[in-house]
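To start, the structure under review is shown below, and the notes come after it.
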Amino acid sequence: MSKPFATVVESRTSLANKTGSWRTVRPEYVHRLPPCNVTCPAGENIQQWLSLAQEGKFFEAWQEMVKNNPFPATMGRVCYHTCEKACNRGQYDGSVNINLIERSIGDMAIAKGWSFKKSEVRSDKKVLIIGSGPSGLTAAYFLRQFGYGVDIFESRKYLGGMMRYGVPKYRLPRRVLDAEIKRIQDCGVNTVCNRKVNNIKDELSNYDAIYLAVGASVASSVTIDIEPGSKVVSAVDLFQKIEDNPNDLPNLGKTVVVYGGGNTAIDAARTALRLGAKDVKIVYRRTINNMPAHETEIQDALSEGIEILCLRTISAINGNKVILDKMDYDEESGILSRSGENEMIVADSVVFAIGQAVESSLIQGIDGISISEKGLISVDNCMMTGVKGVFAGGDAILGKRTVTNAIGYGKKAAKCIDAFLQGREYIPNSKNEVANFKKLNTEYYQKDERKEVSRLGNLDFEEKNVSYSDSEVVQEAMRCFSCGNCFHCDNCYSYCPDNAIIKHEDGTLEIDYDYCKGCGICASECPCGAIKMTT
Amino acid sequence: MLYQLEGSQAVARAIALCRPEVVCAYPITPQTHIVEGVGELVRSGQLGNCQYLNVESEMAAISVAIGSEAAGVRSYTATSSQGLLYMMEAVYNASGLELPIVMTLGNRAIGSPLNIWNDHADAMSARDAGWLMLFAENNQEAADLHIQAFKIAETLRLPVMVCMDGFILTHAYEKVDLPEQSEVDEFLPPYKPEFSLDPENPCAIGAMVSPNDFMEVRYMAHRRQLEACAVIDKIGTEFSAKFKRNTGGLLRTYHTENAETVVVAMGSVLGTIKDTVDDMNQTNGNGKYGVLSLVSYRPFPDNEIREALKNAKRVIVVEKAFALGRGGILAREVELALKGLDIEIVTVIAGLGGRVITKSMLAEVFRQPKGNLVFLGLKEDAIRQEYKTVLNKGGA
Amino acid sequence: MSSLTMGNRFGQHTTVQSSCDRPNTLTSGHRACQGCGEGLAARCAIDVAYTAAKGKIAVVNATGCLEVVSCAFPDNSWNIPWIHSLFGNTAAVASGIAAAFKNKGQADVRVIAQGGDGGTTDIGMGCLSGMFDRNDDVLYICYDNQAYMNTGVQRSSATPALARTATTMPNSQYSGSDPETGKNVPDIAMAHGIPYVAVASIGNLHDLERKVAKAINIRGAKYIQIHCPCPLGWGFPTAETVRIARLALKSGMYPLFEAENGVLVGSTPVEEQIPVEEYLRVQKRFAHLFGKNAQPENIGILQKIANRNIEKYRLGGMSDE
Amino acid sequence: MFQVRIHGRGGQGVVTAAEMLSIAAFLEGKDAQAFPSFGSERMGAPVVAFCRISEREIRSREPISNPDAIIIQDRTVIEPACAFDGIVDNGFVLINSPADVETNLSNARVKCIGATEIALEQVGRPIPNAVLLGSFAALTGVIKIDSVIKAINTKFSGKIAEKNVKAAQVAYERTLGEM
């Protein structure tokens, strides 16, 4: 007699009952955009290299970084890490210290002499890049990866543009900058300094494409009556003097006034301190929260004892007397008007940091290239000017001028040029949905404070060594939520009441739609919002 | 070997000889001494390799047995009367799961009113629960039936209830011949389940069955009950051959060859009936009376009964339970077995709630039954008190 | 990345449920509702038991949701020796199985009895107490979804105060299950002095796995009660089952603790207790306590219950021993 | 067929007396059957037990209405239990009483013996059943004293058995002496 009919049943015969038919909605593994990636001006896949860092694979992490940004070490010093501001963990127990991880790995690359992968692609076409700032160098790096011949003409004495002439040494040590520039040169980029291009017309015939990466290095003029003999200098000239002849540092005297509210003003003020000034004031016409400078910069300045006089404009400079007009600022309307009162402060010298304009002499008289009223070169969405084959990027086309932005545009320019030279149209890849905080389930993240490291050194041009140790890199990287992308925590696999998620040997997960009933528990219990319920 | 033992102790030893591995004990008069007896045998080491569980209710008693049987070991329990009703849900469950449990039913009346004495109402309440039901005429048969019951159960994969009359048998001291352990081992091989809870090859026991398949399950259970008659007969014959005494099997006849009147009954009353019939045959000298001892009540051996009774003119069924407002239960079934034969059927309801059954009462009704539904020894005056007139629809 | 997820790609503190080769003792194709808490609890508990017992387990399943959905011919979603007991005799059947295996010299086969709250706290209490009394070597797991769900959400003795069920339907004079009633079965189990009693929840699968594995390796009677929110019975979206289980823990409404031989030996602390309202508001079975004729004083009763739980089971941490 | 009815009260070993009597008969190769009155023997309540001894298989289950011998373990039950009803002509009546008891039975062979006293003396417990069996053997000759002794040893063991055997022998000798 075999087993009793119906009353005794073999194991697992329920697999014949495909409950998938119960579904009205279905879970899908998706790739949502992590907020950090979304905000990164250089388009870095931050989450990806953080994930590699978690595994201690620093070299692979660095390779991932330089897929989009050849200046990780520099970023670690000068980037205003909008990624950290956007980091979802900020709404939990403190954002991930992405900047310091990037810096630490960038430093490792320099220390260990990691080099870029040689690209095998070869093309006989040649591109001229005018200007060796972050956008020019980045464009050069990418164009080399695409196989093109690249020449860079730099009007100044050294390469680096604003990275060298706009960022003081105490923030960005030159050994770091030089190392990262050299790495790009080693890719076969031909660079020529002190090579001013008067007009691109002369070069149009020699190159298949030209990239205007001239930046915005001309100090904006200002209409203040200045008594001759008053010591007045623009921040750009000040930085160039310090940079080009380091042994003959200018003397600004004991009290210095810096006029302006941006990062350059902050750098100028902190540089003045390091040049021996004892009393440094920043004069800015609006309120402190309107200052374009990054709040970390403002904090650093204040902590070094720099005073910020807001709602003040300089009306006149007579020798060491600076006449300031007090301003009224209407919060709602944003209208700024003179209050009629003024005051006088004493300054041995005044540094103007009220913005920089684009050097446009080299494109005068070429029809097709136009300058907007803000003095920026106008380009189409493929970054091409009116003249075919002539592209422009970086500060020269940007309102928002940061090193990171410039790098981002350098990469985009290289892609546009590549597309142009291949005769196809540059199409940026589509953007997925953003993984915002609401989509996460933070119950599964152990509370773990962000590891802060103080960045302030003493008042000299030396940078305080402040990188993470290897284990600190891993530990801080571990705090990454991996927003919007599966990090193999197995929650979905474990919480599915129907065993309807398959975990393969290599740990990858797959939903078994034969049996998934669409209850949605996997989506709810996914810590990082990597599962979406779709109809 | 011969013993002078209380019926319960004889059964306890018979059970021990069958090497049960799990015994569930819960007290209820009149079977209590049986489970006590087995407990003693386990504690004293005479019955080794056996888990003896004191459970908290009859429901637990049968449930533990279901569990252990399902796990593939021979299991035994005992109950009576109210206990059988309390475990009834599990009684049906056990047969449904085809678990060959053996359970002794110390027959006792069902309340209310509460009554601890003997009758067959409890057995009748479980007659369609899918268990096989064998009735012992005396303690020798009670002991022997348990040994046969394990073999029958495990052959058919059906639970067996061995019924023995409460007090009259369970508490009576009698001579009983108990076989040696080696003999029983030869007769009753170790239990080899065809399915069980086995981690090596897992299966699910007791799935829910939908309308789509339920009828088939029930039909197959029906077929197995029919097959049971042959198995019980075969094993009864096998037992008699080995142990040289005619106990068990489906039924036994006594002087029925040319009897005009045959008395049919189950259980211990058969002893008194046989004495009565002997006396009556001697007095008027022509062997008019015979007796049919029915051992297997379920399955009900229709053909064998028909064969045994076909020449009788009158069949008197003495039963210790009845369908209220209806009459005999066993009698109806006997009547069905004799369908088409010109035989008068008389139902005698006797011994309810332990009421005394004497030879003289039996002789009187065998000689001259008043109507075809007789309540033996009914106190007419008590009834008249209650009813001004006695309902004569079959009332004696 | 963190230690609270079920597994992680670094192989640290992984759980049974997160491993590739987990036994899947209850597999796909069962008929539990979408988002069934009991289905999840059973999958996890029996997988852990199977693993801890090196594959040698036998399971008795009381009548109820789990049994009906997991084994209806021809669909059996179990992959273990499994037997359906009646509604009220689960513990007794398990005792029988344990006795059988013990007698066959296979006491390494671990016997598990499982049932819903109805099958355990009400109809099965007699047999359960009997099993405890004999200290039979059985682990009894009660999947507590706090009502008779299989028959349509009728009140059981595990139904919480003021909850709406088909037999405790609120109206203007009546606001759900009477707060003066109900049974605390873990306490009852502790009173039997059995070797191990624990309360777990699908809101904390790490804790659940630890407790089941621990129980498997203990001889004698063990009782584990697992909180299993039921989307259908309690009225919440099917995706919220685990989240609601967590809210029950964080509010103190369902204390997690362990007892050995009748003595409390450990409990899972509630870091920051959330107001009980947060747990109640998301369930339709408590909807009558909110809305236009809200019942703040009744919510107060539930808050008192939660606070008492925290104090009684020392969910504020066992330090003040 | 020799039928015996034993009367007494719950807890006095009335049922055990019947059982031992049946064992004794069995040991002599006879068929015997003993059964209680199937009541719930509460301590002190009147109880009756029966024993049948025969050369042939005993089948009938009807109670004993015409006993050949009656044993009264507690004389206070005689009246309430109508203990002497149905005794056969010239039947035996053995009464546990130190002094003679008026039974106003016309033709019964009545014997009284202080069984409880002997039991207290020999065994130290007021349980008269073994003692009465000893006397019964002498009075009726249906069973031998050796069988009674063996029966006692199946029911009791150790010191208790020894003392009850002694008590039975004393009763047997005394009754034989008075025959």
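Protein chains in written order, with my numbering: chain A, 1 to 535; chain B, 1 to 396; chain C, 1 to 321; chain D, 1 to 179.
Just so it is clear, CB atoms sit at the ideal spot from N, CA and C, and this is done for glycine as well.
**Report entry** Neighbour list for ASP75/C in chain A, Cβ cutoff strictly below 9 Å
**Finding:** Within 9 Å Cβ-Cβ: VAL9, THR13, SER14, LEU15, ALA16, ASN17.
Query raised in the report: Using the beta-carbon count (16 or more within 10 Å), is GLU321/C buried or exposed?
Result: Reliability fails at GLU321/C, whose pLDDT of 49 lies under 50, so the model's placement of it is uncertain and no value is given.
Requested in this report: Using a Cβ cut-off of 7 Å, pull out every chain C residue sitting near GLY507/A, in sequence order please.
Outcome: In chain order: ARG9.
**Report entry** Spatial distance of GLU258/C from LEU84/B (CA atoms)
**Finding:** Looking at the two C-alpha atoms, the distance is approximately 39 Å.
Report task. Give the DSSP bridge partners of CYS112/D, in chain order. Result -> ILE95/D
Query - Under 7 Å (Cβ pairs) to chain B, residues found in the region 13-29 of chain C - result: From the region 13-29 of chain C, no residue has a Cβ closer than 7 Å to chain B.
Requested in this report: Return the chain-ordered ranges of every beta strand (DSSP E) run that is complete within the region 385-471 of chain A and spans a minimum of 3 residues.
Outcome: 390-392
Query raised in the report: DSSP state of ASP107/A, grouped into three classes?
Result: helix
Query raised in the report: Which residues in the same chain have their Cβ closer than 6 Å to the Cβ of THR535/A, if we skip the five residues on either side of it in sequence?
Result: VAL25
Query raised in the report: Ends of the beta strand (DSSP E) at HIS146/B?
Result: Taken as a continuous stretch (DSSP letters only), HIS146/B belongs to no beta strand (DSSP E), being part of the alpha helix (DSSP H) at 139-156.
Requested in this report: Please check if any C-beta of chain B sits within less than 8 Å of the C-beta of ARG5/D.
Outcome: no
Requested in this report: Run down chain C in chain order and give the residues with a C-beta less than 7 Å from the C-beta of TYR495/A.
Outcome: LEU40, VAL242
Query raised in the report: Since CYS203/B meets chain A, which of its residues come closer than 8 Å, beta carbon to beta carbon?
Result: LYS3, VAL8, VAL9, GLU10, SER11
Query - Inter-residue CB distance, ILE383/B and VAL346/B (contact presumed, cutoff 8 Å) - result: The pair is not a contact, with the Cβ atoms about 20 Å apart (cut-off 8 Å).
Query raised in the report: What is the DSSP secondary structure of SER201/C, reduced to helix, strand or coil?
Result: strand
Query raised in the report: If you draw a straight line from the alpha carbon of ARG5/D to that of SER293/B, how long is it in whole angstroms?
Result: 29 Å
Requested in this report: Could you tell me the boundaries of the alpha helix (DSSP H) in which ARG43/B lies?
Outcome: 32-43
Query - VAL60/C vs VAL109/C beta-carbon contact at 8 Å - result: Going by C-beta atoms, VAL60/C is not nearer than 8 Å to VAL109/C.
Requested in this report: Return helix, strand or coil for ILE62/B, following the three-state DSSP convention.
Outcome: The DSSP-derived three-state label of ILE62/B is helix.
Query raised in the report: Residue ranges of each beta strand (DSSP E) run of no fewer than 3 residues wholly in the region 267-347 of chain A, ordered along the chain?
Result: 279-283, 307-309, 312-318, 321-329, 336-346
Query raised in the report: Under the three-state reduction of DSSP, which class applies to VAL326/C: helix, strand or coil?
Result: Nothing can be reported for residue 326/C: it is not among the residues displayed for chain C, which extend from 1 to 321.
Query raised in the report: Residues in its own chain within less than 7 Å of LEU128/C by CB, not counting five upstream and five downstream?
Result: For LEU128/C, where only same-chain residues beyond five positions count, the Cβ hits under 7 Å are ALA91, THR120, TYR140.
**Report entry** beta strand (DSSP E) segment containing ASN93/B, residue limits
**Finding:** No beta strand (DSSP E) holds ASN93/B; the alpha helix (DSSP H) holding it covers 88-96.
Query raised in the report: Can the beta-carbon of THR159/C be found less than 8 Å from the beta-carbon of SER177/C?
Result: yes
Report task. Determine, using beta carbons only, whether THR272/B and ILE357/B come nearer to each other than 8 Å. Result -> yes
Query raised in the report: ASP198/B versus chain C: which residues are under 8 Å apart at the beta carbon?
Result: For ASP198/B, the chain C residues whose Cβ falls inside 8 Å of its Cβ are PRO81, in order along the chain.
Requested in this report: Check distances from the C-beta atoms of the region 45-56 of chain B to those of chain C and list, in chain order, the residues that come in under 8 Å.
Outcome: ASN49, CYS50, GLN51, LEU53, ASN54, VAL55, GLU56
Query raised in the report: Alpha carbon to alpha carbon, how far is ALA396/B from MET179/D?
Result: Note that ALA396/B scores 46 on pLDDT, short of 50, meaning its location in the model is unreliable and no value can be drawn from it.
Report task. Spell out whether any CB of chain C is found under 8 Å from the CB atom of GLU6/B. Result -> no
Query - Where ASN303/B sits in the DSSP three-state scheme - result: DSSP places ASN303/B in helix when its eight states are reduced to three.
Requested in this report: Assign GLU67/C to buried or exposed, taking buried as 16 or more other Cβ atoms, counted over all protein chains shown, within 10 Å of its Cβ.
Outcome: buried
Query raised in the report: Nearest to ASP448/A by CA position, among ALA140/A, GLY76/A, GLY90/A, is which residue?
Result: GLY90/A
Query raised in the report: What is the residue span of the alpha helix (DSSP H) that THR138/A lies within?
Result: 134-145
Query raised in the report: Would you call THR283/B buried or exposed, if buried means 16 or more other Cβ atoms sit within 10 Å of its Cβ?
Result: exposed
Report task. Determine the direct distance from the alpha carbon of VAL453/A to that of VAL473/A, and round the result to whole angstroms. Result -> 12 Å
Query raised in the report: Apart from the five residues just before and just after GLU227/B, which ones in its own chain have a Cβ nearer than 8 Å to its Cβ?
Result: LEU156
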